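Under full-length UniProt numbering, the residues of the sequence shown are numbered 1 to 277, in order. The C-beta atom is built at its ideal place from N, Cα and C for all residues, glycine as well. Computed from a prediction, not measured in an experiment: that's the story for all the values here.
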Amino acid sequence: MKTGRKNNVIFFYGQKAFTTKSEMITYLTRKFNYIPKTHLLLDLIDKDPQGVWKRRNKHNHFEKISGMSTEVHRCSTNVTLIYVYSYNRNVSYECNGNGFSSYSLAYENAKKLELYDKFIIPPSLLEWYARSTSIWKHIWMGCNYRCFSARNYEGLRYRTLKEINSYRKLNFKKGLKYNYYLESDADTFAKKISRTNPTSLCDTVSPYLMSGHISAPWGHLLVKRWYDEYKKYRPTGSKTVSKVTQHYQVLMNSQYRKVGVGIREKGNYIYIVLKFV
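Next up, the structure:
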């Protein structure tokens with residue numbers, strides 16, 4: 001960070017000042033000794049004499065430690081970055097827009113992202129009912145696990161609403177509006193069912209709520225599965241309403257006006273809850 005005097009540079013990390021870059025590097029490599037040195041990148045921010053803050057490098061360029069100095073390093077677009085934030089004595093981590101309390105948790109998430117990036121949806125999971133497949137591709141094509149799990153599953157919640165409303169429109173029902181109070185209740189229920197064993201007990205349906213679980217990389221296929229199951233369902237003549245029919249009835253209920261989406265991920269599964277009103 002540049003000071004008011006010409007050519008005089010002071011480096012800061014948090015509230016700690018260093019007169020040389022090498023001093024700062026020594027401090028950081030000791031502080032973050034649990035992170036491989038080859039993985040440690042610095043994002044330097046300069047302050048000019050007028051007091052304006054500005055990143056030294058642009059876009060996906062960072063400073064990589066080389067000896068007791070740094071060199072500009074360009075990260076490729078397929079590299080998963082973990083950001084470290086320090087405030088006072090607290091350190092937090094961010095990966096894919098999600099916060100973590102430790103580096104190990106963030107690193108596990110990064111490995112999961114890179115693993116799921118390689119997954120390709122089998123045609124058998126997707127192409128059964130032409131109309132729902134067309135809707136699904138319009139909404140979800142190009143959005144994989146990395147996309148829909150970012151920022152606390154923001155994409156999964158928003159696109160799920162869009163998908164439900166597309167199915168409702170196809171069946172001449174009014175669209176639903178998103179409600180964050182319902183989301184909070186649904187999140188609480190999703191957390192509860194994620195602790196359920198066996199997992200088959202997680203798949204429930206009631207007049208105002210439905211829940212289910214699915215392999216994490218296929219989280220964006222659950223609502224389509226509910227819809228398609230009804231389209232290929234053949235009633236047995238029993239007086240008891242099947243769960244397949246109940247799922248469809250809840251999704252298409254014309255009395256509902258709002259919905260919230262609750263999500264919880266545990267192990268290899270994503271648990272999704274829809275709450276209606």
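TODO: Look at the alpha carbon of Y87 and the alpha carbon of Y93, and state the distance between them as a whole number of angstroms.
DONE: When rounded, the distance between both Cα atoms is 12 Å.
TODO: Please report how far the alpha carbon of H138 lies from the alpha carbon of R159, in whole angstroms.
DONE: Each residue's Cα considered, the two are about 10 Å apart.
Open item on the list: What would DSSP say about V91, mapped onto helix, strand or coil?
Closed with: In the structure shown, V91 sits in a strand (DSSP, three-state: E or B).
Task: Own chain residues within Cβ distance below 6 Å of D43, not counting five before or after - done: Taken in chain order, the residues that qualify are F62.
Task: Bounding residues of the beta strand (DSSP E) (the contiguous stretch that carries V259) - done: V259: member of the beta strand (DSSP E) spanning K258 to K266, first to last residue.
Task: Beta-carbon proximity of V250 to I164, cut-off 8 Å - done: No, the pair does not count as a contact, with Cβ atoms beyond the cut-off.
Open item on the list: Give me the residue from L209, K231 and N197 with the minimum Cα distance to K266.
Closed with: Nearest to K266 by alpha-carbon distance, out of L209, K231 and N197, is N197.
Open item on the list: If distances are taken between C-alpha atoms only, which option among L105, N60, K169 and E154 comes closest to T77?
Closed with: Ranking L105, N60, K169 and E154 by CA distance to the CA of T77 puts N60 first.
- [ ] Rank K173, Y178, H213 and W140 by C-alpha distance to the C-alpha of K191 and give the top, closest one.
- [x] Measuring from the Cα of K191, the nearest candidate turns out to be H213.
Task: Secondary structure of H59, DSSP reduced to three states - done: In the structure shown, H59 sits in coil (DSSP, three-state: anything other than H, G, I, E or B).
- [ ] Determine, using beta-carbon pairs with one atom in the region 245 to 261 and one in the region 163 to 179, whether at least three such pairs fall under 8 Å.
- [x] Touching, yes.
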